[in-house]
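As structure tokens, the structure follows; a few thoughts come after it.
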Amino acid sequence: QTSFARIFYKIEQILSTYPYADSTSFHIFRTGDGFDHFMADETRFCQVLVNLLSNAFKFTETGFCVIQLHTIVVDAAVEWRLRVVDSGRGIEEEHASRLFTAFAQFDARSSAEGPSGRVRHSSAGSGLGLFISSQLLRLMQATISWKRNDQPCGSIFEISGRFPIDCHPEGSPSCHANR
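First residue of the sequence shown? That's 14 in my numbering, and the numbers climb one at a time after it.
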């Protein structure tokens, strides 16, 4: 059992150790009915979000990285749609069909300097992060997609799925799914 609040707390703790906070803002926005307790593999879900956010921060020298979450309770499950939005360099449309394949790499630049003059990131990677994330989400019966963020630029990764509701979360005596 877990909750988005718990997952986001863990994500914020992990991101607080990243060197990107000096020039890239991070926010979480939630909409929907607010129901927050469900059954899911918290560790793997966090792994997917950390991967998406790591990529977003890595390729955003200045600007923002945002999580947008919308939830709704339907038939004893929480349906959710979560977007990771950034204002970074973005991904060229021609690479979209290979984004979630193993060893796919699209940027040969090895590093770039951020506004502070420090090396911000290394674009080189194994090309496995999005592939592994897509496979983990598939096992959770969730989906992932990408689209270009044209306002102002960057990427939008959207994941969505449906998790069974945890009717008796810690500290809660009854199920609140029947609203």
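Built from N, CA and C at the ideal position, the CB exists for glycine as well.
Within its chain, find whatever has a CB closer than 7 Å to the CB of residue i; leave out the 5 residues flanking it on each side and keep chain order.
i, result
"Ala109", "Trp159"
"Ile85", "Gly45, Asp46, Glu92"
Compare the C-alpha of residue i against each of the options and name the closest.
i, options, result
"Glu105", "Phe39, Glu25, Phe116, Ser168", "Ser168"
"Leu73", "Leu152, Asn162, Asp179", "One point to set straight first is that residue 73 is Thr, not Leu, in the sequence displayed. Closest by alpha carbon: Asn162."
"Arg94", "Arg102, Ser36, Leu141, His83", "His83"
"Leu65", "Thr15, Val79, Glu55, Ala53", "Val79"
"Thr15", "Ser139, His50, Gln154, Val86", "His50"
"Ser100", "Ser38, Ala18, Met153, Arg19", "Ser38"
"Thr114", "Ile24, Ala90, Phe144", "Phe144"
"Ser139", "Pro165, Leu150, Leu112", "Leu112"
"Phe21", "Gln60, Gln154, Leu141, Glu171", "Gln60"
"Phe58", "Pro165, Gln164, Gln154", "Gln154"
"Ala53", "Glu92, Gly142, Gln118, Ala117", "Glu92"
"Ser67", "Phe17, Ile85, Phe170, Gln164", "Phe170"
"Gln81", "Arg175, Leu62, Tyr33", "Leu62"
"Arg19", "Gly76, Thr56, Arg175", "Thr56"
Ends of the beta strand (DSSP E) at residue i?
i, result
"Cys78", "76-87"
"Phe176", "168-177"
"Ser139", "Neither: Ser139 is in no beta strand (DSSP E) and is coded neither H nor E."
"His40", "37-45"
"Thr156", "156-161"
Would you mind sorting residue i into buried or exposed? The rule is 16 or more other CB atoms within 10 Å of its CB.
i, result
"Gly47", "exposed"
"His40", "exposed"
"Val87", "exposed"
"Ser29", "exposed"
What span of residues does the alpha helix (DSSP H) with residue i cover, start to end?
i, result
"Gly101", "Here Gly101 belongs to no alpha helix (DSSP H), and DSSP marks it neither H nor E."
"Phe17", "17-28"
"Phe58", "55-71"
For residue i, which residues in the same chain have their Cβ closer than 6 Å to its Cβ, ignoring the five residues on either side in sequence?
i, result
"Thr156", "Ser173"
"Ala69", "Cys78, Val97, Asp99"
"Arg102", "Phe72"
"Gln26", "none"
"Phe116", "Gly140"
"Gly142", "Asn64"
"Thr33", "Checking the sequence, you will find Tyr at residue 33 rather than Thr. Contacts found: Phe70."
Measure from the C-beta of residue i to each C-beta in chain B and report whether the shortest distance is under 8 Å.
i, result
"Tyr31", "Absent here is chain B; the protein component of the structure consists of one chain."
Quick one: residues in its chain with C-beta nearer than 8 Å to the C-beta of residue i, no 5 flanking neighbours on either side, listed in chain order?
i, result
"Arg151", "none"
"Tyr31", "Ser67, Phe70"
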